[in-house]
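Take a look at the structure set out below.
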């Protein structure tokens, strides 16, 4: 069968790569916090993953610019790839701040937030794969709801982290540093929710 | 008269419920700050309102998924309900932080910010009702402009609050705590402006 | 040649004025930081530019409301003008905070962030002019990529600024103040990237 304007399947591949890349970043963050050693080197690896995300974003935009017919709306493709990039940017920011602030060792709450990020990005990997079959929206919407649940969990952990931090009797400068790190991690979980919101929007628009 | 695809009026009801819910949250916040007693219990009521907002959001998304013809664009319905949810999330965050930070008593500036939120959400309640009559966009746009004015007022109060805070000679940890609370309250007013932006977008698209 | 619905060219003029206005704000910020004298007066000039931005935004929304056919999608016109306004809001916030916090003299890092803003808004001025010729998307996309590069530069400077700040041995209150100022400046550069994202979206949608 001849199709004059074949749907460009590679956008789905780019989404899957971007989601897998964000998940890799989250996993590297978990390892960074679990085994807090050789941290400059580990931070460099996370920076490389973040650069790979930038490349995927630019590549997707260039492809959009050269593609006549897209499988889903052009602006949604753009939104989705940009929002996935934001997740990695904030993981990279959190890691950079820990080094910049000369943090001696991570906290349990930081590790718990990293676990939320690993779970959220894992759900996004699966959700993004389901975009190839927009005719069946329910599994994608369920995945998005799971991301919302993880974001609530992130909020809960941030709350606990701040309570612990302010009860610790540490000096104000340590409190400023850790508050910043926790908020970067929790913002990254918020950006996962933004990705879920874009996915929901795409699904509902095409329902 | 038979209509093959009747417009699903219930989306308007869901918007009105979500706006009323956000307004209730803002009113509970005003009471929380005005009569700062039994605060754990009052915070729990605000959390319940926030949960009700989450439920309304999920319910709207499910309905969108099952509805063939929508009265306004599907992605705008999704945006509007999600942005209204954000307003409540930040009210809940501000209240939670006050308890977490063991704040002994609220400030006039916190109360003034809560009043801005009560006004902004009251305007949103009215604006959202007007969505049923998109043929008459002017009153909605006027309401949105009022929300922008309230947001400027919120900025002004935050500015005053920070000036007072830094002039107070309090210790740095108190300053960190209050800066966080003020910024959560002011962010909630910013999210009201985001709702107004979505409303403007809907009105202008359908003009 | 008679055209029943002539494209309303004035939207392009409004975009160009808004971008030029944001660029003027960034240039005034550079001057404010370079010659840190008569600062109340300079801050008032920046506030006036910010007000002019608000006026342009409201004027654009009113025009959208009265215009039947628009040269690009109505919601994109709305997004673009609102995002440009955000850039100026944050420049104004940063300047206001410096006065509020009674900052005695600016830092090299603050000046470097202002330079990033001057460059980013200069690129936006050029990019927005290119919107008149959507048939030739490549120069606009190249400009957007340059804005992304500037935003990375802003991130790098913020990182350096925070490292210097925490190494300075200053008291916690000075650290809180400067962290807030730096973050406002860097957020303004982020908002330039948001404008670039809207421009990319417009270009790709119309490609």
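Protein chains in written order, with my numbering: chain D, 1421 to 1627; chain X, 1421 to 1627; chain U, 1421 to 1627. The C-beta atom is built at its ideal place from N, Cα and C for all residues, glycine as well. A quick note: this is a predicted structure, and the numbers were derived from the prediction, not measured.
CB residue 1608 (chain U) to CB residue 1500 (chain U), shorter than 9 Å?
No, they are not a contact pair.
Give me the residue from U:1484, U:1598 and U:1430 with the minimum Cα distance to residue 1530 (chain U).
Ranking U:1484, U:1598 and U:1430 by Cα distance to residue 1530 (chain U) puts U:1598 first.
Interface residues of chain U around residue 1495 (chain D) at Cβ under 8 Å?
Within 8 Å Cβ-Cβ: 1621, 1624 and 1625.
For the stretch 1586-1610 of chain U, which residues have a CB atom closer than 9 Å to at least one CB atom of chain X, in sequence order?
Answer set for the stretch 1586-1610 of chain U: 1591, 1592, 1593, 1595, 1596, 1597 and 1600.
Determine the chain U residues that contact residue 1479 (chain D) at a beta-carbon separation under 8 Å, and present them in chain order.
At a C-beta separation below 8 Å, residue 1479 (chain D) has no neighbours in chain U, since its nearest C-beta there lies roughly 12 Å away.
Do residue 1443 (chain D) and residue 1513 (chain D) come within 9 Å of each other at the CB atom, strictly closer than that value?
Contact: no.
Cα-Cα, which of X:1579, X:1548, X:1626 and X:1585 is closest to residue 1612 (chain X)?
Among X:1579, X:1548, X:1626 and X:1585, the Cα nearest to that of residue 1612 (chain X) belongs to X:1548.
Quick one: any contact between the stretch 1572-1588 of chain X and the stretch 1448-1467 of chain U, if contact means 3 or more CB pairs under 8 Å?
Pairwise C-beta distances place the stretch 1572-1588 of chain X out of contact with the stretch 1448-1467 of chain U, as fewer than three of them are shorter than 8 Å.
Would a check of beta-carbon distances place residue 1516 (chain D) closer than 9 Å to chain X?
The beta carbon of residue 1516 (chain D) sits no closer than 9 Å to any beta carbon of chain X.
If we define contact as Cβ-Cβ less than 9 Å, is residue 1563 (chain D) a contact residue for chain X?
For residue 1563 (chain D), the answer is no, since every Cβ of chain X falls outside 9 Å of its Cβ.
What are the boundary residues of the alpha helix (DSSP H) that residue 1588 (chain D) is part of?
From DSSP, residue 1588 (chain D) is part of no alpha helix (DSSP H); its letter is neither H nor E.
Proximal residues of chain D, C-beta to C-beta of residue 1484 (chain U) below 8 Å:
Around residue 1484 (chain U), no beta-carbon contact reaches into chain D at under 8 Å, the shortest distance being about 18 Å.
C-beta neighbour in chain D for residue 1617 (chain U), strict 9 Å
Closer than 9 Å to the CB of residue 1617 (chain U) there is at least one CB belonging to chain D.
Measure the Cβ-Cβ separation of residue 1518 (chain U) and residue 1601 (chain U) and say whether it is below 9 Å.
Yes. Within cutoff.
Residues of chain U with CB closer than 9 Å to the CB of residue 1582 (chain X), please, in chain order.
When 9 Å is used as the limit between beta carbons, residue 1582 (chain X) is near these residues of chain U: 1517, 1520, 1521 and 1600, in chain order.
Residue 1422 (chain D) versus residue 1490 (chain D): straight-line alpha-carbon distance, rounded
Residue confidence for residue 1422 (chain D) is low, a pLDDT of 46 falling below 50, so the modelled location carries little weight; the figure read from the coordinates is stated next. Between residue 1422 (chain D) and residue 1490 (chain D), the alpha-carbon positions lie close to 17 Å from each other.
Limits of the alpha helix (DSSP H) - the one that residue 1541 (chain U) falls within
Here the alpha helix (DSSP H) through residue 1541 (chain U) covers 1528-1550.
Out of curiosity, what's the CA-to-CA distance linking residue 1553 (chain U) and residue 1533 (chain D)?
Their Cα atoms are separated by approximately 46 Å.
Taking only beta-carbon atoms, is residue 1421 (chain X) less than 9 Å away from chain D?
Because the pLDDT at residue 1421 (chain X) is just 41, under 50, the model does not fix this residue reliably, and the value given afterwards should be weighed accordingly. Not one chain D Cβ lies under 9 Å of residue 1421 (chain X).
For residue 1498 (chain X), decide whether its Cβ has a neighbour in chain U, counting only Cβ atoms nearer than 9 Å.
Residue 1498 (chain X) does not count as touching chain U.
Looking at the unbroken alpha helix (DSSP H) that takes in residue 1493 (chain X), where does it start and where does it end?
The continuous stretches of alpha helix (DSSP H) do not include residue 1493 (chain X), and DSSP gives it neither H nor E.
Check for me: the alpha helix (DSSP H) holding residue 1441 (chain X) runs from which residue to which?
Element bounds for residue 1441 (chain X): 1430-1454.
I'd like to know whether the C-beta of residue 1559 (chain U) is nearer than 9 Å to at least one C-beta of chain D.
So no, residue 1559 (chain U) is outside the interface.
Would you verify that the beta carbon of residue 1509 (chain X) is, or is not, closer than 9 Å to some beta carbon of chain U?
Under the 9 Å criterion on CB atoms, residue 1509 (chain X) is classed as non-interfacial with respect to chain U.
What residue does the alpha helix (DSSP H) around residue 1603 (chain U) start on, and which one ends it?
Segment 1592-1625, the alpha helix (DSSP H) holding residue 1603 (chain U).
Counting only C-beta atoms, is residue 1397 (chain D) closer than 9 Å to chain U at any point?
In the structure as shown, chain D starts at 1421 and stops at 1627, and residue 1397 (chain D) therefore has no counterpart that could be examined.
Given a threshold of 16 other Cβ atoms within 10 Å of its Cβ, counted over all protein chains shown, does residue 1516 (chain U) qualify as buried or as exposed?
Burial of residue 1516 (chain U) is indicated by the presence of at least 16 other C-beta atoms within 10 angstroms of its C-beta.
Could you spell out the range, first to last residue, of the alpha helix (DSSP H) harbouring residue 1523 (chain X)?
Counting along the chain, no alpha helix (DSSP H) covers residue 1523 (chain X), and no H or E run does either.
From residue 1424 (chain U) to residue 1580 (chain X), what does the alpha carbon distance come to, in whole angstroms?
Caution is warranted here: a pLDDT of 46 is assigned to residue 1424 (chain U), below 50, making its placement in the model unreliable, and the coordinate value is therefore given only provisionally. Rounded to the nearest angstrom, the two C-alpha atoms are 53 Å apart.
Taking the alpha helix (DSSP H) that residue 1553 (chain X) belongs to, which residues open and close that run?
Residue 1553 (chain X) -> no alpha helix (DSSP H), and no H or E assigned at all.
Taking C-beta to C-beta, are residue 1481 (chain U) and residue 1551 (chain U) nearer than 9 Å?
Cβ distance not < 9 Å, so residue 1481 (chain U) and residue 1551 (chain U) don't count as in contact.
Three-way DSSP call (helix, strand, coil) for residue 1457 (chain D) in this model:
Reduced to three states, the DSSP call for residue 1457 (chain D) is coil.
Partner residues on chain X for residue 1502 (chain U), Cβ-Cβ distance less than 7 Å:
Within 7 Å Cβ-Cβ: 1617.
Please confirm whether residue 1513 (chain U) has its beta-carbon closer than 9 Å to some beta-carbon of chain X.
Closer than 9 Å to some Cβ of chain X, the Cβ of residue 1513 (chain U) qualifies, so yes.
From residue 1525 (chain X) to residue 1524 (chain U), what distance separates their C-alpha atoms?
As the crow flies, the alpha-carbon of residue 1525 (chain X) is around 33 Å from that of residue 1524 (chain U).
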